[in-house]
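Engineer: Counting the sequence shown from 1 gives a position; this note's numbering is that position plus 6.
Just so you know, even glycine gets a beta-carbon here, dropped at the ideal spot from N, CA and C.
What follows is a structure written as structure tokens; I'll ask about it next.
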Amino acid sequence: MNGYFQLDIRDDGTYLIAFPPADGGAAISISEITRYLDNIGLSDYDTKALNDVAAAEEQTAVRICQPLNYEEAGTLDIDFSEDYMQVIARFYPPSVKGARLSRNDIIEYLKKNRVKFGLDEEAIDSFIKNPRYCTDYVVARGEPLVQSKNGSIEYFFETQKNLSPKLNEDGTVNYHELNLISAVEEGQLLARLTPPDPGAPGTTVRGDAVLPAQTQQISLKFGKNVTINEDQTEIYSNVKGHAMLTNETVFVSDVYVVPANVDNSTGDVVYNGSVEVKGNVNSGFSVKAGGDIVVEGLVEGATLKAKGKIIVKLGVHGMSSALLVAGSSITVKFVENAEMYSDESINADSIIHSNISARYDVRVMGKKGFIIGGMVRAGRQIVTQSLGSDLGALTKVEVGINTKKKKQLRDLENTLENLEAEKNKIEPTISGLGMKVAQGLQLPDDKLMFLKSVAVAYQDIKKQMAEAEDEYDDLMEEFEIGENANIEVIGDAYPGCNIVVSDAQKALTDKRSHCRFVKAGVDVRVDVM
């Protein structure tokens, strides 16, 4: 309990009784005594006597002035918190014969001092029932405002591109892995909006409204290939592609566009969708796409791999290190000193000293349309304006199914036959023991272990058979494609050319014109077109 004081009006003077603190309470403060005396209008008092009251260690009565001709009622003093959200009251006892404060006295005093809201009647009743003087009571509380919160947007793809190249372990700079692409899947969540929270107004103990700060209105901005949900809080990608954030707007493109060259400024490009390169692909760099690749300029000694088609509008100057691999067709202006593999067909204006292979056709039908040097292979047909050169450049062209593929087919047939025999041998064991288990019979541990090992072997055989059958089907398709394989030369075929149709070969020793090369028995026949 805090220490406190009380007036005692006697015949010989006015006394102040000191009640020292108990149980760790706060001591009597001279400043509080003087404030109390000033508030009740008593100014002619002995200041030194006040010091004796504050310093008293036991209940003591100290004369402070002449006797009063009236008794002093109980009083209170209040302070407002800085934000006017609380009223703190301190109560002072009446003089010894004075009147105590009533509940109504306290409430009327608060109203008189503009306390209009949040009166804490429980705190007032607590004082009335068990008064503690010179002690803080919170007798009114305002309604705090709920502060507003601005909305926010969380993005679920990489919006900050790292343009700093990595260092290799040997200290050299790696310009290939710059991570410029934010790949996203179809249906992927791209961004989520947390709407602004307007908060709620508060009220001070004086009844004044306290308003939360204004919030900024925000919304999800998006472009093509993006869908927003019904409540406008989430956006999703409609396609598998590349996500970009530009001027706070989300775009998704199924084509990743390189605005200039693929070089040190971009690093290698690896993208799930299609890639369009507006410039060149420089030596030493690569472009790998889950869709198509279109290059407006040149491809130098670089690597291009696409699950779709590849188009190089100005051609490939390969420097003996370029590699192009496509799951669909390849179309180029020219090819020089490069390797190209297509799972469909290859179209070019000219091919020079390159290693070219296509599942179906190779067509070299430009204005000059020549194949000079290197190796060109197709499963079904090669068509070219001219083949080889009058300088006798060694040029090899091949169509159809060769002896190696035929042996591979026979080997697969043998493999499938052996696997089938093994499967048939195991099946009765699995069937017999498995039936016993299914009937609820308890197998001995050794037989149970044997059944498990046989079951594993059986599954492995089935897996091998499935893989061999897929390979066999692919080879059979190649056989069908190459059944009527041929090579057509619209213009001239020069000496030095090696013609292979399936497993038949012919080395040209003289010039041939307007001809078709087909297989005839074990030989290559030349038909004039």
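Please classify residue 427 as buried or exposed, where buried requires at least 16 other C-beta atoms within 10 Å of its C-beta.
Structural biologist: Residue 427 is exposed by the Cβ-count criterion.
Engineer: For residue 429, which residues from the same chain have a beta carbon less than 6 angstroms from its beta carbon, with the 5 sequence-adjacent residues on both sides left out?
Structural biologist: Around residue 429: 467.
Engineer: If you run the structure through DSSP and keep just helix, strand and coil, what is residue 77?
Structural biologist: Residue 77 falls in the coil class under three-state DSSP.
Engineer: If you draw a straight line from the C-alpha of residue 179 to the C-alpha of residue 289, how long is it?
Structural biologist: Annotation note: pLDDT 45 at residue 179 (below 50); position unreliable, coordinate value reported separately. Taking the straight line joining both Cα atoms gives about 16 angstroms.
Engineer: So, do the region 242-261 and the region 204-211 have three or more beta carbon pairs nearer to each other than 8 angstroms?
Structural biologist: These segments do not touch.
Engineer: Under DSSP, the beta strand (DSSP E) around residue 332 begins and ends at which residues?
Structural biologist: Taken as a continuous stretch (DSSP letters only), the beta strand (DSSP E) holding residue 332 covers 321-332.
Engineer: Count the other C-beta atoms from every protein chain shown that fall within 10 angstroms of the C-beta of residue 492, then say buried if there are 16 or more, exposed otherwise.
Structural biologist: By the 10 Å Cβ count, residue 492 comes out buried.
Engineer: Report the residue from 66, 36 and 73 whose alpha carbon sits nearest the alpha carbon of residue 24.
Structural biologist: If we check each option's Cα against that of residue 24, 66 comes out closest.
Engineer: Hey, how far is the Cα of residue 95 from the Cα of residue 224?
Structural biologist: Each residue's Cα considered, the two are about 46 angstroms apart.
Engineer: Buried or exposed for residue 99, going by 16 or more other Cβ atoms inside 10 Å?
Structural biologist: Looking at its Cβ environment, which holds 16 or more other Cβ atoms inside 10 Å, residue 99 is buried.
Engineer: Residues bridged to residue 503 by DSSP?
Structural biologist: Residue 503 pairs with 401.
Engineer: Taking residue 56 as part of the alpha helix (DSSP H), name the residues at either end of that continuous run.
Structural biologist: 53-61 is the span of the alpha helix (DSSP H), which, as asked, contains residue 56.
Engineer: Can you tell me which residues form a DSSP beta bridge with residue 83?
Structural biologist: Answer by DSSP bridge pairing, in chain order: 96.
Engineer: Does the structure place the region 503-513 close enough to the region 521-528 that three or more beta carbon pairs sit under 8 angstroms?
Structural biologist: With a cut-off of 8 angstroms, the region 503-513 and the region 521-528 count as touching, because enough Cβ pairs lie within range.
Engineer: Take residue 79 as the anchor and find which of 431, 482, 152 and 107 has the nearest alpha-carbon.
Structural biologist: Taking only the C-alpha atoms, the option nearest residue 79 is 107.
Engineer: Taking C-beta to C-beta, are residue 159 and residue 199 nearer than 8 angstroms?
Structural biologist: Yes. Within cutoff.
Engineer: Relative to the C-alpha of residue 393, which residue among 125, 495 and 277 is closest?
Structural biologist: For residue 393, the nearest C-alpha among the options comes from 495.
Engineer: Using the three-state DSSP reduction, which class does residue 277 fall into: helix, strand or coil?
Structural biologist: If DSSP states are grouped into helix, strand and coil, residue 277 belongs with the strands.
Engineer: Within a Cβ cutoff of 6 angstroms, which residues of the same chain sit near residue 345, ignoring the five residues on either side of it in sequence?
Structural biologist: These residues qualify, in order along the chain: 329 and 361.
Engineer: Comparing the C-beta of residue 388 with each C-beta of chain B, is any distance below 8 angstroms?
Structural biologist: Included in the structure is just one protein chain, with no chain B present.
Engineer: What does DSSP give as the partner residue(s) for residue 263 in the beta ladder?
Structural biologist: Answer is 282, bridged to residue 263.
Engineer: Specify the secondary structure class of residue 34 as computed by DSSP and reduced to three states.
Structural biologist: Residue 34 falls in the coil class under three-state DSSP.
Engineer: In chain order, what are the residue ranges of uninterrupted beta strand (DSSP E) at least 3 long that sit wholly in the region 213-257?
Structural biologist: Within the region 213-257, the complete beta strand (DSSP E) runs of at least 3 residues are 232-234, 240-243 and 247-252.
Engineer: Helix, strand or coil, according to DSSP, for residue 195 in the structure here?
Structural biologist: Strand.
Engineer: When the distance is taken between beta carbons, is residue 46 closer than 8 angstroms to residue 56?
Structural biologist: No. Outside cutoff.
Engineer: Tell me which residue opens and which closes the beta strand (DSSP E) that residue 376 is part of.
Structural biologist: It spans 376-384 - the beta strand (DSSP E) in which residue 376 sits, taken as one unbroken run.
Engineer: Tell whether a beta-carbon distance below 8 angstroms holds between residue 36 and residue 62.
Structural biologist: Not in contact: residue 36 and residue 62 (Cβ atoms no closer than 8 angstroms).
Engineer: Determine the direct distance from the alpha carbon of residue 155 to that of residue 222, and round the result to whole angstroms.
Structural biologist: Between residue 222 and residue 155, the C-alpha separation is close to 9 angstroms.
Engineer: From what residue to what residue does the alpha helix (DSSP H) around residue 487 run?
Structural biologist: Residue 487 -> alpha helix (DSSP H) spans 451-487.
Engineer: State the beta-bridge partners of residue 416 as determined by DSSP.
Structural biologist: None, per the DSSP bridge assignment.
Engineer: Quick test of your reading: residue 15 and residue 77, contact by CB under 8 angstroms. State the CB separation rounded to the nearest angstrom.
Structural biologist: Right, the Cβ-Cβ distance comes to about 6 angstroms (below 8 angstroms), so this counts as a contact.
Engineer: Pick from 277, 272 and 279: whose alpha carbon is nearest that of residue 285?
Structural biologist: Looking at the Cα atoms, 272 is the closest of the given residues.
Engineer: Identify the residues that DSSP records as bridge partners of residue 511: which are they?
Structural biologist: Paired residues: 506.
Engineer: By Cβ distance, which residues of its chain are closer than 6 angstroms to residue 184, with the 5 residues on each side in sequence left out?
Structural biologist: Because the pLDDT at residue 184 is just 49, under 50, the model does not fix this residue reliably, and the point stays unresolved.
Engineer: Taking all protein chains shown into account, decide if residue 252 is buried (16 or more other Cβ within 10 angstroms of its Cβ) or exposed.
Structural biologist: That one is exposed.
Engineer: Mapping the DSSP letters down to three states, classify residue 43 as helix, strand or coil.
Structural biologist: Looking at residue 43 - three-state DSSP - the assignment turns out to be helix.
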